[in-house]
Each structure stands twice: as structure tokens, then as C-alpha cells.
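>
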């Protein structure tokens, strides 16, 4: 656990929140868990309310509809991962090389994805199940995130850090897939998060780097 | 498309099937599609029947219950991928090196996974949603498949083909995750399956191989 993520709660907020905000966060966390285990079609507001320790009508104070709540879960998961990776990249010392920036992004992505793992698995498992209109905001967010990774790879290619024979777009999708899927199998009782980060960085560096 | 997969139908069968078997296959294919798009909780037999062009009661002629049908979809997907990869490995010339065997398994896995993509996405998306008792058969099948990959990596390590500093178990899970997730994003209108296979093999060879 890095200091950056360690000082935050599961919602990713750094400061105490007003009560209404905390309740909204509790509903989102509960919805992420239910969406993750029941899927889009099986997610019922009464289960989300029970998980959050609220009455179902209270949810409507914060979210206009079931679909609005689900859309927010999908959006928030993608948005927070992107925000975290972006913050970590911005905090790197000037002059950090393009490949080191990719490896830092790999670490930041994995740590944050597994910290908010209910949001990650909710998104991974429902990628093809949530209707387009509900996915609209999160799809735009994911596209922006994908763009960030494309830029990281592009910078590495321009610096001559990538193997010249590589299809950088395919490699990028494969690597993001490997990382996202880790939320489904990684078991902290078998391997530490540090081990997982190191193994992923090693695979990425060996897989795409010039050597 | 390899010759091995090209001569098979989407169900993976090589010979014409008796009609009752074909109907059973049609129900399974339909259930894989519905399970993939609706998730475990949202999969209704009437939707499976409509997708298969049958009346719902006809499904009970082949499967005892909704859960039995879903368990069979999860099992069949895992079983056929394992069978295909196993066949491909068995057909390799004697003396094929351990790393070449891993790369052949990568190709076989990807081609078959994407050929029966409804089964793949049904399994990927429902990994954490299907109750344990329904997953029992497919979980055993997945464990056997995982064992096959562990043996492939073990042989490569013994032959000195793996980078000595690698955590082979973590690398294996990351690679299988990258491949399984390809069913969610690979778009044949952007990249051919040959391109995807080549990029994955390159990532694996660079990522785990000694160089």
C-alpha cells in the first residue's frame, strides 16, 4: 500500500465528508458490491439499500433512478482510477523517462483498482451487460483513460524505448486486460500486492521494452 | 482461422450431429449468449428459448433446471478450450521446445476462445456471480486447465527458457487474464486474429522468456 492510497478511505476521498456526502458514498459502495455480485439485470435497489443499511426510498434522495445509480458506479470507478494514475504521473520527478512513467502507471493502476475492487469487478463483469445509455458517461471516461495510456506508449515509442516491431495498441489493450482481470483472481493471502505489482511491471517491461 | 478450428462449427463439433444433439447445442449456444448479455441473475429460460427458437418447456427435455443449463454453459466453455489447447499441444512435432509449446498454447487458446466468444464472455462476466454449487463442474475444469498451463511453465523453467527472476504463477495468471479479456475488446474490423495472436505471443515471449 503506498502512502498515496493508504491515507484515503475506500471511496478515495482524503478529507472528512459532510454526512449527506458520506451517505451518498455509502450507497455507491453498496451498489458497487451488489452490481459486482448480481450483475446489471440482477441489481435491485432494495438489495443496495439493505447493503447500505438504509431504506430503499432513501436512495431516491441521492439518485433519480436505478439506472442513474448504476451509471454513477460505473463512472466513479473509471474516474477514480484515472484520477489516481494521473496524480501519480504528475508527481513524478521531471525527467522521469517514458518507460519509467509506464511502469509507474502500471503500479498506480493496480494499487487503486484493487483498493476499490468492488468498483473494478462491477465494471469488468458488467462491461457487456449495461445498456449503452447507462454506459455513456463511463464509456467517455474509459476512452479518456485509454487516451492517457496511448500517450504514455506514444512517448515511449518516440524515445525509442519500445521494441520497434511491437503493435503498441494491441499490447496496451492486452496489458490493461491483464491488470483489470487481476481483481478477479488476486488473493492477498497468496501473494502481496507488491509481488503482483513487481510481476506485472516485469511482464510489461520485458514484453514491450527494447532489450 | 486455423484448419483445426475452421472445419468445426461454433459448437466445436467436427461431425454432423443427430437432431436431438443439435437442439441441445442450440440451447447451449443461446444460453451462452443470454448469460453473456444478461448475467446470471438476469438469465431467464424464456429468453433462452426465444433465442434458440424453441418453446421454453422444450428446454426441460434437455436440462433439469435453469441452474443445470447455466452450469453446463460454464462447463462446456472451459472444457472445449482445454480440449482444443490439449489437442494442439498433442499434435506438435516431437522435440518442440517448452517455450514454443507455450506460444502454441497461447495461439490455440486465443483462436478457440474467440471462436466460441459467447461462452468466453459468459464465463468472464459471470465468474463472480454464479453461485458456488453451479460453478462446481466448471471450477474443476478451470483448475485442470490451469494445471495444464502450470505444467507448460514448469517445463519451460526446467529447460532454462524462463527468466530466472520471474514469478511464474503470477505471470501465468496475468497472461491468461490478458487473453480472456480479449473477448471483450478485440474487434476484427481493426486487427486480424493473426495480428492479435502475434502481439500476444510477442508480449509473452518478451515478458517471461530469457533474453
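Residue numbers (my numbering), protein chains in the order written: chain A, 4 to 214; chain B, 4 to 214.
By construction, the Cβ of each residue, glycine as well, lies at the ideal position given by its N, Cα and C atoms.
Thinking C-alpha only, which one of 56(B), 183(B), 53(B) and 145(B) is nearest residue 127(B)?
Walking along the second chain from the start, residue 127(B) turns up at place 124. The candidate whose alpha carbon is nearest that of residue 127(B) is 183(B).
> Put residue 86(B) into one of helix, strand or coil per three-state DSSP.
Taking the second chain and counting its residues from 1, one reaches residue 86(B) at position 83. Note: residue 86(B) maps to helix in three-state DSSP.
> Looking at the C-beta of residue 114(A), does it have a partner C-beta in chain B at a distance below 7 Å?
Within the first chain, numbered from 1, the residue matching residue 114(A) stands at position 111. So no, residue 114(A) is outside the interface.
> For residue 48(A), which residues of its own chain have a beta-carbon under 7 Å away from its beta-carbon, when the five flanking residues on both sides are left out?
Numbered from 1 along the first chain, position 45 holds the residue referred to as residue 48(A). Closer than 7 Å at the Cβ level, and outside the excluded window around residue 48(A), lie 59, 62 and 69.
> Examine chain B for any beta-carbon lying closer than 7 Å to the beta-carbon of residue 123(A), and answer yes or no.
In the first chain, residue 123(A) corresponds to position 120, counting from 1. It does not; no Cβ of chain B falls within 7 Å.
> Using a Cβ-Cβ cut-off of 6 Å (strictly less than) and excluding sequence neighbours within five positions of residue 4(A), which residues of its own chain qualify?
The count along the first chain starts at 1 and reaches residue 4(A) at position 1. With a pLDDT of only 34 at residue 4(A), under 50, the local geometry of the prediction cannot be trusted, and no value is derived from it.
> What is the DSSP secondary structure of residue 113(A), reduced to helix, strand or coil?
Residue numbering aside, residue 113(A) sits at position 110 when the first chain is read from its first letter. Three-state DSSP puts residue 113(A) in a helix.
> Please report whether the beta-carbon of residue 58(A) lies at a distance below 7 Å from any beta-carbon of chain B.
Here residue 58(A) refers to the residue found at position 55 of the first chain. No, because no Cβ of chain B sits closer than 7 Å to the Cβ of residue 58(A).
> State the start and end residues of the unbroken alpha helix (DSSP H) segment that holds residue 203(B).
Residue mapping note: residue 203(B) aligns to position 200 of the second chain, counting from 1. Run containing residue 203(B): 196 to 211, per the alpha helix (DSSP H) assignment.
> Residue 21(B) to residue 151(B), Cα distance in whole Å?
Numbered from its first residue, the second chain carries residue 21(B) at position 18. Numbered from its first residue, the second chain carries residue 151(B) at position 148. Spanning the two alpha carbons is a distance of roughly 32 Å.
> Between which two residues does the alpha helix (DSSP H) harbouring residue 165(A) extend?
As a position in the first chain, residue 165(A) is number 162, starting the count at 1. From DSSP, residue 165(A) is part of no alpha helix (DSSP H); its letter is neither H nor E.
> By DSSP, does residue 189(A) sit in helix, in strand, or in coil?
The residue given as residue 189(A) occupies position 186 in the first chain. Looking at residue 189(A) - three-state DSSP - the assignment turns out to be coil, as it is neither helix nor strand.
> Using the three-state DSSP reduction, which class does residue 132(A) fall into: helix, strand or coil?
Mapped onto the first chain, residue 132(A) falls at position 129. Here residue 132(A) sits in coil by DSSP.
> Just reading off the alpha helix (DSSP H) that residue 48(B) is part of, what are its end residues?
Start at 1 with the first residue of the second chain, and residue 48(B) comes out as number 45. Taken as a continuous stretch (DSSP letters only), the alpha helix (DSSP H) holding residue 48(B) covers 48 to 55.
> Rounded to the nearest angstrom, what separates residue 13(A) and residue 198(A) at their Cα positions?
Mapped onto the first chain, residue 13(A) falls at position 10. Mapped onto the first chain, residue 198(A) falls at position 195. Since pLDDT at residue 13(A) reaches only 45, below the 50 mark, its modelled position is unreliable, and the value read off the structure follows with that caveat. Taking the straight line joining both Cα atoms gives about 22 Å.
> Is residue 31(A) buried or exposed, if buried means 16 or more other CB atoms sit within 10 Å of its CB?
Counted from its first residue, the first chain places residue 31(A) at position 28. The residue in question, residue 31(A), is buried, as its Cβ has 16 or more Cβ neighbours within 10 Å.
> Since residue 81(B) contacts residue 144(B) with CB under 8 Å, what's their CB separation in whole angstroms?
For the purposes of this step, residue 81(B) is identified with residue 78 of the second chain, where counting begins at 1. For the purposes of this step, residue 144(B) is identified with residue 141 of the second chain, where counting begins at 1. Their Cβ separation, rounded to whole angstroms, is 4 Å, which keeps residue 81(B) and residue 144(B) in contact under 8 Å.
> When burial is assigned at 16 or more other CB atoms within 10 Å of the CB, is residue 64(A) buried or exposed?
Here residue 64(A) refers to the residue found at position 61 when the first chain is read from its first residue. Classification of residue 64(A): exposed, given that the 10 Å Cβ count is below 16.
> For residue 170(B), which of helix, strand or coil comes out of DSSP?
Locating residue 170(B) in the second chain gives position 167, where the first residue counts as 1. Of the three classes helix, strand and coil, the one that applies to residue 170(B) here is coil, per DSSP.
> Taking all protein chains shown into account, decide if residue 10(B) is buried (16 or more other Cβ within 10 angstroms of its Cβ) or exposed.
Looking up residue 10(B) in the second chain gives position 7. Reliability of the predicted coordinates at residue 10(B) is poor, the pLDDT of 37 falling under 50, and the value obtained from them is presented with this limitation in mind. Exposed, by the Cβ-count rule.
> Taking residue 162(A) as the reference, which of 140(A), 125(A) and 102(A) has the closest Cα?
In the first chain, residue 162(A) corresponds to position 159, counting from 1. Nearest option by C-alpha distance: 102(A).
> When burial is assigned at 16 or more other CB atoms within 10 Å of the CB, is residue 210(A) buried or exposed?
As a first step, residue 210(A) is located in the first chain; it is residue number 207 there, counting from the start. Buried: at least 16 other Cβ atoms inside 10 Å.
> Count the other CB atoms, across all protein chains shown, that sit within 10 Å of the CB of residue 193(B); report buried if there are 16 or more and exposed otherwise.
Looking up residue 193(B) in the second chain gives position 190. Residue 193(B) is exposed by the Cβ-count criterion.
> In terms of alpha-carbon separation, which member of 52(B), 41(B) and 149(B) lies closest to residue 29(B)?
Translated into positions along the second chain, residue 29(B) becomes position 26. Comparing Cα positions, the closest option is 52(B).
> For residue 181(A), which residues in chain B fall below 8 Å Cβ to Cβ?
What you label residue 181(A) is simply residue 178 of the first chain in a count that begins at 1. In chain order: 177, 178, 180, 181 and 184.
> Step through the CB atoms of chain A and report whether any lies within less than 7 Å of the CB of residue 80(B).
Taking the second chain and counting its residues from 1, one reaches residue 80(B) at position 77. By this cut-off, residue 80(B) is not an interface position.
> Might you give, ordered along the chain, the residues of its own chain that have their beta carbon closer than 8 Å to the beta carbon of residue 157(A), omitting 5 neighbours on each side?
As a position in the first chain, residue 157(A) is number 154, starting the count at 1. Cβ neighbours of residue 157(A) beyond the five flanking positions: 171.
> So residue 124(B) packs on residue 39(B), CB below 8 Å; how close in whole Å?
The count along the second chain starts at 1 and reaches residue 124(B) at position 121. The count along the second chain starts at 1 and reaches residue 39(B) at position 36. At roughly 4 Å, the Cβ-Cβ gap stays under 8 Å, so residue 124(B) and residue 39(B) are in contact.
> Mind pulling the chain B residues with CB within less than 8 Å of residue 163(A)?
Counted from its first residue, the first chain places residue 163(A) at position 160. Within 8 Å Cβ-Cβ: nothing; residue 163(A) doesn't reach chain B, min ~16 Å.
> What is the DSSP secondary structure of residue 68(B), counted as helix, strand or coil?
On the second chain, residue 68(B) is found 65 positions in, with the first residue counted as 1. Residue state, collapsed to three classes: coil.
> Could you tell me how far apart the beta carbons of residue 35(B) and residue 122(B) are, in whole angstroms, since I believe they sit closer than 8 Å?
Residue numbering aside, residue 35(B) sits at position 32 when the second chain is read from its first letter. Residue numbering aside, residue 122(B) sits at position 119 when the second chain is read from its first letter. Indeed, because the Cβ distance is near 5 Å, the residues count as touching under 8 Å.
> Please list, in chain order, the residues of the region 125 to 138 of chain A that have any C-beta partner in chain B closer than 9 Å.
So the close ones are 127, 128, 129, 130, 131 and 132.
> Let me know if residue 214(B) comes out buried or exposed under the rule of 16 or more other beta-carbons within 10 Å of its beta-carbon.
Counting from one through the second chain, the residue named residue 214(B) turns up at place 211. Classification for residue 214(B): exposed.
> Within the same chain, show all residues whose beta-carbon is closer than 7 Å to that of residue 160(A), passing over the 5 residues directly before and after it, in chain order.
Residue numbering aside, residue 160(A) sits at position 157 when the first chain is read from its first letter. Excluding positions up to five away in sequence, the list reads 171.
> When you compare each of 89(A), 43(A), 88(A) and 27(A) to residue 134(A) by their alpha carbons, which one comes out closest?
By one-based count along the first chain, residue 134(A) stands at place 131. Taking only the C-alpha atoms, the option nearest residue 134(A) is 43(A).
> From which residue to which residue does the alpha helix (DSSP H) around residue 24(B) run?
As a working note, residue 24(B) is residue 21 in the second chain. Start and end: 22 to 45.
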